[in-house]
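J.:
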């Protein structure tokens, strides 16, 4: 019998929208019920991202069709492939690429994937490592010691940030990576030094941006959008190779603070949406 094989049925965390009614939970499925694809994997790990919490609770309108399995990241071993590039037993991963948006995601014991989006696991990473790296976790004030141990030189509580309301405030920061959006991002535009960049990769604090043109035409500040879901396959491959090598975090194991089952997902979503998460939470199969 092959090491990695199909079962007649398996469990998945599936999301439905019936009219205005949202419901999500564990369901039994078969492989032929999954979104079409050339590669079927037996899932080893997925992860919990803010986007997953929005879709899993119906808080955000992320899914473009229903029903779909949740989970925007997935990693596991190939059990069947119609694409010669992948063989049974290969360790692979997919992040973004329409998972839990236009096709079934990683909260499932098996996933059927578009071969054009499947990344072979690079040497230097385990499947668990790959899912820890999937998306940054959230932090809170009482975790400053942990952040410093991970390498942070200075930690500033968001409650202690007072940007002011003028179009331009004192230029304080050379640049920023923002996963919050909303008022946090609006404030950042006013305090970035001349010709600094702000990379935007999230909306945990809101999807609106209130600013003026002044930071951009006076200080030359640039806003750089990061849309990982649409990143070209060739670039994805390069990034993952680097994450397995020179870019691999020194304290990767410490970043993952929890591992949960499918049944525990609703509680994880609730904590994340109320700011109660720290680090990365993995879904282990």
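In the working numbering, the protein residues as written are 152 to 436.
Every residue gets a Cβ at the ideal spot worked out from N, C-alpha and C, and that includes glycine.
Straight-line CA distance for residue 180 to residue 381?
T.: 28 Å
J.: In chain order, what are the residue ranges of uninterrupted beta strand (DSSP E) at least 3 long that sit wholly in the region 211 to 251?
T.: For the region 211 to 251, whole beta strand (DSSP E) runs of length 3 or above, ordered along the chain, are 224 to 232, 242 to 246.
J.: What residues in its chain sit with their C-beta under 6 Å from that of residue 220, if we drop five residues either side in the sequence?
T.: 163, 165, 255, 256, 258, 259
J.: Can you give me the Cβ contacts of residue 371 inside the same chain, cut-off strictly under 6 Å, excluding the 5 residues immediately before and after it?
T.: 345, 346
J.: Using CA atoms only, rank isn't needed, just tell me which of 176, 384, 206, 428 is closest to residue 252.
T.: 206
J.: What does DSSP give as the partner residues of residue 433 in its beta bridges?
T.: DSSP lists 198, 410 as partners of residue 433.
J.: Mind checking whether residue 362 and residue 198 have CB atoms under 8 Å apart?
T.: no
J.: Please look up how many angstroms separate the CB atoms of residue 283 and residue 192, rounded, as I've assumed it's under 8 Å.
T.: Wrong, their Cβ atoms sit about 18 Å apart, outside the cutoff.
J.: Using C-beta distances below 7 Å, list every residue in its chain close to residue 271, excluding the 5 sequence neighbours before and after it, in chain order.
T.: 241, 243
J.: Short check: CB of residue 308 to CB of residue 332, under 8 Å?
T.: no
J.: Please name the residue, chosen from 325, 277, 190, 204, that lies closest to residue 237 on a Cα-to-Cα basis.
T.: 190
J.: Return the chain-ordered list of same chain residues with a C-beta closer than 7 Å to the C-beta of residue 281, the five sequence neighbours on each side being excluded.
T.: 226, 244, 272
J.: What does the alpha-carbon distance come out to for the pair residue 349 and residue 175?
T.: 36 Å
J.: Taking all protein chains shown into account, decide if residue 391 is buried (16 or more other Cβ within 10 angstroms of its Cβ) or exposed.
T.: Label assigned to residue 391: buried.
J.: Could you tell me the distance, in whole angstroms, from the CA atom of residue 185 to the CA atom of residue 224?
T.: 16 Å
J.: Residue 275: which of 396, 435, 422, 341 sits nearest, CA to CA?
T.: 396
J.: How would you write the range of the alpha helix (DSSP H) that residue 337 sits in, first residue to last?
T.: Note, residue 337: alpha helix (DSSP H), 333 to 342.
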